[in-house]
Amino acid sequence: MDWEYVRYYVNWLTGEIRDFLLVANSPGQKIVLAVVVIALFVAVMALLLWLVDRPRNPRGWLVASVFAGPALLLIGFGLVYPAVRTTQSSFYDRTSTTFVGWDNYVRAFSESEFQIVLRNTALWVFLVPILATAIGLVYAVLVDRTKFEKLAKTLVFMPMAISMVGASIIWKFVYDYRQASSPQTGLLNQVLVWFHVEPQQFILSQPWNNLFLIVVMIWIQTGFAMTILSASIRAIPEDIIEAGRLDGLSGIGMFRHITVPSIRPALIVVLTTIAMATLKVFDIVRTMTGGNFGTSVVANEFYTQSFRYNDKGLGATLAVILFVLVIPLVVYNVRQMRKVEEIR
Amino acid sequence: MTTSTPPVTAAPITSGVQARATKLRKRLSNPWASLAAVVIAVLWTIPTVGLLVTSFRPEADITRNGWWNVVTSPRFTFANYEQALFGGQTSLANYFVNTLVVTLPSVVIPISLALLAAYAFAWIDFKGRDFLFVAVFALQIVPIQVTLIPLLTQYNQWGLSGSFWPVWLSHTMFALPLAIFLLHNFMKDIPPSLVEAARVDGAGHVKIFFRVLMPLLVPAIASFAIFQFLWVWNDLLVSLTFAGGRPNVAPLTVRIAEMVGTRGNDWFLLSAGAFISMIVPVIVFLSLQRYFVRGMMAGSVKG
Chain A
44 MDWEYVRYYV NWLTGEIRDF LLVANSPGQK IVLAVVVIAL FVAVMALLLW
94 LVDRPRNPRG WLVASVFAGP ALLLIGFGLV YPAVRTTQSS FYDRTSTTFV
144 GWDNYVRAFS ESEFQIVLRN TALWVFLVPI LATAIGLVYA VLVDRTKFEK
194 LAKTLVFMPM AISMVGASII WKFVYDYRQA SSPQTGLLNQ VLVWFHVEPQ
244 QFILSQPWNN LFLIVVMIWI QTGFAMTILS ASIRAIPEDI IEAGRLDGLS
294 GIGMFRHITV PSIRPALIVV LTTIAMATLK VFDIVRTMTG GNFGTSVVAN
344 EFYTQSFRYN DKGLGATLAV ILFVLVIPLV VYNVRQMRKV EEIR
Chain B
6 MTTSTPPVTA APITSGVQAR ATKLRKRLSN PWASLAAVVI AVLWTIPTVG
56 LLVTSFRPEA DITRNGWWNV VTSPRFTFAN YEQALFGGQT SLANYFVNTL
106 VVTLPSVVIP ISLALLAAYA FAWIDFKGRD FLFVAVFALQ IVPIQVTLIP
156 LLTQYNQWGL SGSFWPVWLS HTMFALPLAI FLLHNFMKDI PPSLVEAARV
206 DGAGHVKIFF RVLMPLLVPA IASFAIFQFL WVWNDLLVSL TFAGGRPNVA
256 PLTVRIAEMV GTRGNDWFLL SAGAFISMIV PVIVFLSLQR YFVRGMMAGS
306 VKG
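Rendered as structure tokens:
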């Protein structure tokens, strides 16, 4: 047996396997690759499970490490380690070579460019949860137990299913602008024209353009608010409603004094959940303006600084700021979530 | 309620529900309330309808005037979709395949891993279990942004850039904390007596996991699978970071977002492209609405 040959074939084989796993060009190749990867994954996990299941009384830690080990390793590598590294880089310069202390944070809070980013983020996090929740609540009450309830809810919930990129395109088309002399193609400007108002560049004119971007997120999140609130309205105990009725409440009085107080915990969960989603909003700003025209928010600015300007220090700082802003919302959200579950 | 139930107990409940229904119907007979509901429903639908109609109009018509003009001049075509899917400059069909290839492993792998881990946290006794579980729970809140640059550096070092692996791995890792947490909650709800009985019969952990728990978990798995499917299918940030500018790997969302920048006025392409990327989520949504809503609610904290 000539060992040169063996080595040659082993090299050739590993090269082939690596190429197969890393390079896929045609659609057919790609689909085969996806199926093979899933099959390989299942095979490896099955083998591991079969191995630990063999002895009559397997050791607890061995079984546990096969069951939980892969997931924990991936979490450690994909979340814990990067989070530590990013926090570290936020104290270094743009190439992560020189320690700069709090400089990046000072920049992020003091330079006028970033103050606009922070202002916009505050505007988003304030307006989107409140308006989406308010509209969702009103709509849930209005369509509850009507003949068209199912259809009505489907229509408003639908935007939750599509991508934010898709939603951004839908709204960019609504805001489309043509000069006043030619026919409008954007619906909103056509409405203005019908009312004899000059067409507007909704996406370009600062600072109002922020509001028109915010509308897109409200449009997406209202369905979420409506669904959760509708469920908790139905869970209001009959006797409370009866008591309200005996007190002579109906219509708006009922809504204010019975419905809203009864679903308070659910309202707070919805508000904080939407606030969290809004804080991290990236796709809408990126797709509609790319963060130009004074519309950037923290999550988008993170991307711009990290990948367009290659400023790792500042990018990391913005990511950490995002992280720190999310924490109080999450803590509050989890606490209220417990209350909602206790009530149910 | 069956007919054999004494009417005495049935009466107050039914009358209560009826009274409530009448009350509500009375309120809705208020024309302003109905009007408000209709206005919201229309506002939430019209933007999508506008783009959908546009995607079927001939290119010349789209540039000539607004989509509402189809009422007076109804002309429709599939040319936009043909051009968007197969035209050399957009070739969204390729990106559609990319999205599919990105999505499938990114759904199957994290759910399988999370199921196993959730089982370990729920039913296997081992040292440090509670601490690890709390840690996993807490990690749900790490924003993806915090992880991107170190991961990108690592993938490049391993020579994985340009392949599907960075996207698959990232989606898998980002899904795990939430998936483990949710599935663990479902597993804890299963009566311990079932697991005990199987154990007395001599079943090991693997057997208990597959024979006893898995069949009971199907609805939970379906809900999370749909949530994860839509999350990956609709994702922009992860794929832009790890597959941006790579036509061989980049999914639809990345390509379409790019088209908005480079061909922002070609509405015949953008409208068709947007619906090509939305059709699958919408079908999933309409056909599996019940699971979908449950999944959306469960996953609302993610990312």
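If you read the protein sequences in the order shown, they are chains A and B.
In the working numbering, each number is its position in the first sequence, counted from 1, plus 43.
In the working numbering, each number is its position in the second sequence, counted from 1, plus 5.
Built from N, CA and C at the ideal position, the CB exists for glycine as well.
Note that the structure is predicted; figures quoted are calculated from it, not measured.
Residue span of the alpha helix (DSSP H) that contains residue i, given as start and end
| i | result |
| --- | --- |
| D45(A) | Run containing D45(A): none; DSSP gives neither H nor E here. |
| I149(B) | Element bounds for I149(B): n/a, residue is neither H nor E. |
| F234(B) | 219-239 |
| P286(B) | 272-292 |
| Y346(A) | 341-346 |
| D66(B) | 64-69 |
| W163(B) | Premise fails: W163(B) is in no alpha helix (DSSP H) and is neither H nor E. |
| N35(B) | No alpha helix (DSSP H) holds N35(B); DSSP gives it neither H nor E. |
| K132(B) | Segment: none, K132(B) is in no alpha helix (DSSP H) and carries neither H nor E. |
| V107(B) | 97-128 |
| Q244(A) | Here Q244(A) belongs to no alpha helix (DSSP H), and DSSP marks it neither H nor E. |
| S108(A) | 103-118 |
| V75(B) | Run containing V75(B): none; DSSP gives neither H nor E here. |
| I261(B) | 257-267 |
| L245(B) | 242-248 |
| N190(B) | 170-194 |
| D96(A) | 70-96 |
| A203(B) | 197-205 |
Cβ neighbour criterion (16 or more within 10 Å) applied to residue i
| i | result |
| --- | --- |
| P172(A) | buried |
| V367(A) | exposed |
| M6(B) | Residue placement at M6(B) cannot be trusted, given a pLDDT of 29 that sits under 50; what the coordinates show is reported in the next sentence. Exposed, since its Cβ has fewer than 16 Cβ neighbours within 10 Å. |
| N239(B) | buried |
| V85(A) | exposed |
| R62(B) | buried |
| L372(A) | buried |
| N252(A) | buried |
| A16(B) | The predicted position of A16(B) is uncertain, since its pLDDT is 37 and thus under 50; no value can be drawn from it. |
| R30(B) | Caution applies to R30(B), whose pLDDT of 49 falls short of 50 and renders its modelled position unreliable; the value that the coordinates give is listed next. Exposed is the call here. |
| S155(A) | exposed |
| I370(A) | exposed |
| D290(A) | exposed |
| P5(B) | No answer is possible for residue 5(B): it lies beyond the span of chain B, which begins at 6 and ends at 308. |
| R260(B) | buried |
| G179(A) | buried |
| W214(A) | buried |
| M219(B) | exposed |
| E59(A) | exposed |
| G121(A) | buried |
| A278(A) | exposed |
| V80(A) | buried |
| E392(A) | Look at the range of chain A in this structure, 44 to 387, and you will see that residue 392(A) is not part of it. |
| H210(B) | buried |
| Q233(A) | buried |
| D282(A) | exposed |
| V312(A) | buried |
One or two residues paired with residue i in a DSSP bridge
| i | result |
| --- | --- |
| Y218(A) | None, per the DSSP bridge assignment. |
| F142(A) | Y135(A) |
Proximity test, residue i beta-carbon vs the ligand NAD heavy atom, cut-off 7 Å
| i | result |
| --- | --- |
| Y52(A) | Questions concerning the ligand NAD fall outside what the structure shown contains, since it holds no ligand whatsoever. |
Three or more C-beta pairs below 8 Å linking the stretch 241-249 of chain A and the stretch 273-289 of chain A: No, they do not touch.
When you compare the stretch 208-223 of chain A with the stretch 265-284 of chain B, are there three or more beta-carbon pairs, one atom per stretch, that lie closer than 8 Å? Touching, yes.
Kindly provide the ranges of any alpha helix (DSSP H) runs that are 4 or more residues long and lie completely inside the stretch 251-337 of chain A, ordered along the chain. You should have 252-277, 281-289, 294-297, 307-322, 326-331.
Is the stretch 177-184 of chain B close to the stretch 115-125 of chain B, with three or more CB pairs under 8 Å? yes
If we count Cβ pairs, one from each stretch, closer than 8 Å, do we get three or more for the stretch 301-319 of chain A versus the stretch 254-271 of chain A? yes
I want to know whether the stretch 142-162 of chain B touches the stretch 116-131 of chain A - three or more CB-CB distances under 8 Å. Short answer: they touch.
Report yes or no: do the stretch 89-109 of chain B and the stretch 233-250 of chain B share at least 3 C-beta pairs separated by less than 8 Å? yes
Taking 8 Å as the threshold, find out whether the stretch 189-207 of chain A comes into contact with the stretch 325-332 of chain A through three or more Cβ pairs. Three or more pairs of CB atoms, one per stretch, sit closer than 8 Å, so the stretch 189-207 of chain A contacts the stretch 325-332 of chain A.
Examine the Cβ distances between the stretch 259-277 of chain B and the stretch 84-103 of chain B and report whether three or more of them are shorter than 8 Å. At 8 Å Cβ cutoff, the stretches touch.
Starting from the N-terminal side, write out each stretch of the alpha helix (DSSP H) that is 4 residues or longer and does not extend beyond the stretch 170-237 of chain A. 192-200, 207-217, 230-237
Are there three or more Cβ pairs, one per stretch, closer than 8 Å when the stretch 354-367 of chain A is compared with the stretch 143-153 of chain B? yes
Validate contact between the stretch 338-345 of chain A and the stretch 157-170 of chain A using beta carbons, cut 8 Å, 3 pairs: Segments in contact, yes.
Stretch-stretch touch, CB-based, cutoff 8 Å, three pairs: the stretch 295-309 of chain A with the stretch 237-246 of chain A: no
Taking three-plus beta-carbon pairs below 8 Å as touching, is the stretch 353-363 of chain A in contact with the stretch 132-139 of chain A? yes
Examine the Cβ distances between the stretch 286-293 of chain B and the stretch 227-242 of chain A and report whether three or more of them are shorter than 8 Å. No: the two stretches stay apart, fewer than three of their Cβ pairs being nearer than 8 Å.
Would the stretch 87-98 of chain A count as touching the stretch 199-214 of chain B if we require 3 or more Cβ pairs under 8 Å? yes
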